[in-house]
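Everything on this sheet refers to the single structure shown next.
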Amino acid sequence: MSSKEQNEGRQIEAMRKIGIDERDIFMDKQSGKDFNRQNYQLVKLMLREGDILYVQSLDRFGRNKEAILNEWKDITKGIKAHIIITDMPLLDTTKYKDNLGNLITDLVLQILSWLAEEERTKIKTRQREGIDLAKKQGKHLGRPKAEITPAFITAYDIWKTGAITAVEAMEKANVPKTTFYRLVQKYEAQLAK
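Taking UniProt numbering, the leading residue of the sequence shown gets 1, the next gets one more, and so forth.
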């Protein structure tokens, strides 16, 4: 599962319907492009020859063709476990034990991993176009800049006298640590002028 919008309950229920015990369901709430997912790595360590790995969608193996194919080969050829992609019934290595079946699976995998990569490229392009358009229209993107507020100045003045700690000043100014010290530098530069 890669984003907050994806429904964890829906995915768990889909796995239960297949007959998978909840204790055998592993879920990472991270992007498919990142293989430093703790539970995914744990599952790969636990997989043994002949085991079956059910995966909701092919793009959970990666966002480009190379990553998807590498993960597929690592599991099917290296570990010698089976893979069933639940939203793509053609990708089920338990169905094909002969060479023709393997050929069909490999062809489908090549095509679908290419499509996943193409879709990712389209998403990135649309995202870039949207950002460029927003910039052209003068819309602000990203986090708003932290400003020196009266609350910050009050907290800074008390902190500088030594009456409160930096942490207390951060709380009074209602800013995180890095922002506090960045504002301190900015404010002190203004005072020095």
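We put the beta carbon where it would ideally sit given N, CA and C, even for glycine. Since we're looking at a predicted model, the values are computed, not measured.
Put simply, the region 126-133 does not touch the region 152-170. Fewer than three CB pairs are less than 8 Å apart. Annotation note: the region 96-177 contains the following uninterrupted alpha helix (DSSP H) runs of length 4 or greater, listed N- to C-terminal: 99-136, 150-161 and 166-173. Asp74 and His82 have their C-alpha atoms spaced approximately 11 Å apart. Taking C-beta separations shorter than 8 Å and ignoring five residues to either side along the sequence, the partners of Thr94 in its chain run Ile52, His82 and Ile84, following chain order. If you look at Ile83, you'll find it in the beta strand (DSSP E) that goes His82 to Ile85.
Tyr181 has no beta-bridge partner at all, per DSSP.
In terms of CA proximity to Glu147, Leu183 leads the group Val43, Lys122, Leu183 and Gln190. Nearest in C-alpha terms to Met15, of all of Tyr181, Lys177, Thr86 and Arg128, is Thr86. Looking at the DSSP output, Leu91 sits in no beta bridge, so it has no partner there.
Selection Thr178, Leu58, Ala116 and Glu22 evaluated against Asp92 yields Leu58 as nearest (Cα-Cα). The DSSP-derived three-state label of Leu53 is strand. One thing to note: Gly62 has its Cβ within 8 Å of the Cβ of Glu71.
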